[in-house]
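Residue numbers (the working numbering): -12 to 313. Even for Gly, the Cβ is constructed at its ideal location relative to N, Cα and C.
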């Protein structure tokens, strides 16, 4: 039977319905959830089917993160909704000083099964305070896991894994991709955290990506094929834990790598991945690792300026031609 075509919003909603039906300790907490079922429709049907298990809070990310933290410590499995990833700045103490450290500080005697759901990314003309990609902050924080899906099937399989995990998971989902459609299996499945996917085979260069960067790489790979360059597209899916084995196998085949993400290039995850590749796989490289990311500016509100700041397919093509010398 062929897979169904669902949007990322529908895939997420379906996963949450299935998980909440399976486990009564799962609940959702955040701002304006019950009346609107989430600003991207991701909680559609949940207020009606699971009354009392999707909870509206005051407009306070400190409160939301704190509620999730306390509930997770006492045996519940909360999904904390931050509306926009930019707002994590208001809950950083709860996330980074508490959630990330408690299992270690308690000697493993408590679990902290909390998912922090963060719609991120630009492209919706939402300006500087509603458009950031902040994943590298949390990759830097020991004790947190970081998940960033691209396709709808990954959204469903990864949110299930995140909910079932006993550690706090930062789950970033690009706002512009909620309406993106793709095949989603009908049967039950879970994608383990820390498992990348080779989504296009190639022999000339490895395009290492996640989230919105995946779609830039797919489009770039199509164009490169016309130039006789076979690009391999590796969707990392989770940044922490990182599937370095899949990255290594790809680079051992292609001997060249370009890392693509929407976050700012300086200090972005591409910096960490490039450093690890050159540390662990230097003898496999025939060219320096290239990074593609946004320019180091706050995201502008002006559409032409936002487009100028964000990475695009031409940036990926330029980087590939630089490492393949063609």
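Residue i: buried (16+ other C-beta within 10 angstroms of its C-beta) or exposed?
i, result
"residue 51", "buried"
"residue 68", "buried"
"residue 253", "exposed"
"residue 224", "buried"
"residue 46", "exposed"
"residue 241", "buried"
"residue 64", "buried"
"residue 269", "exposed"
"residue 327", "Here the chain comprises residues numbered -12 to 313, so residue 327 is not present and cannot be evaluated."
"residue 292", "exposed"
"residue 311", "buried"
"residue 298", "buried"
"residue 318", "Because the chain is modelled from -12 through 313, residue 318 falls outside the range shown and cannot be assessed."
"residue 116", "exposed"
"residue 152", "buried"
What are the residues that DSSP puts in a beta bridge with residue i?
i, result
"residue 160", "106"
"residue -1", "Residue -1 is not bridged to any residue."
"residue 218", "192"
"residue 246", "195 and 278"
"residue 65", "14"
"residue 204", "Paired residues: none, contrary to the question."
"residue -8", "170"
"residue 77", "Beta-bridge pairing links residue 77 to no other residue."
Please determine, among the options, the residue with the shortest C-alpha to C-alpha distance to residue i.
i, options, result
"residue 256", "278, 239 and 270", "278"
"residue 42", "106, 93, 287 and 14", "14"
"residue 34", "4, 54 and 272", "4"
"residue 232", "181, -8, 55 and 213", "181"
"residue 7", "21, -5, 84 and 36", "36"
"residue 304", "218, 284 and 288", "218"
"residue 53", "299, 78 and 106", "78"
"residue 230", "263, 245, 157 and 152", "263"
"residue 283", "120, 16, 206 and 90", "120"
"residue 302", "194, 239 and 236", "194"
"residue 84", "148, 97, 95 and 56", "56"
Would you check if the distance between the CB atom of residue i and the CB atom of residue j is smaller than 8 Å?
i, j, result
"residue 247", "residue 196", "yes"
"residue 131", "residue 100", "no"
"residue -10", "residue 173", "yes"
"residue 183", "residue 221", "yes"
"residue 185", "residue 144", "no"
"residue 70", "residue 26", "yes"
"residue 150", "residue 191", "no"
"residue 337", "residue -2", "As displayed, the chain neither begins before -12 nor continues past 313, which places residue 337 out of reach and without an answer."
"residue 110", "residue 163", "yes"
"residue 267", "residue 126", "no"
"residue 105", "residue 159", "yes"
"residue 211", "residue 102", "no"
"residue 168", "residue 286", "no"
"residue 161", "residue 213", "no"
"residue 108", "residue 118", "yes"
"residue 114", "residue 288", "yes"
"residue 86", "residue 129", "no"
"residue 82", "residue 75", "yes"
"residue 22", "residue 31", "no"
When every heavy atom of the ligand SAH is checked, does at least one fall within less than 7 Å of the C-beta of residue i?
i, result
"residue 245", "Questions concerning the ligand SAH fall outside what the structure shown contains, since it holds no ligand whatsoever."
Which complete beta strand (DSSP E) runs does the stretch 257 to 311 hold, if anything under 3 residues is left out? 277 to 281
Runs of 4 residues minimum, wholly inside the stretch 1 to 45: which ones carry the alpha helix (DSSP H) assignment? Those alpha helix (DSSP H) runs which fall completely within the stretch 1 to 45 and span 4+ residues are 33 to 36.
Taking only runs of the alpha helix (DSSP H) that begin and end inside the stretch 119 to 187, which ones reach a length of at least 4 residues, in chain order? 122 to 126 and 139 to 151
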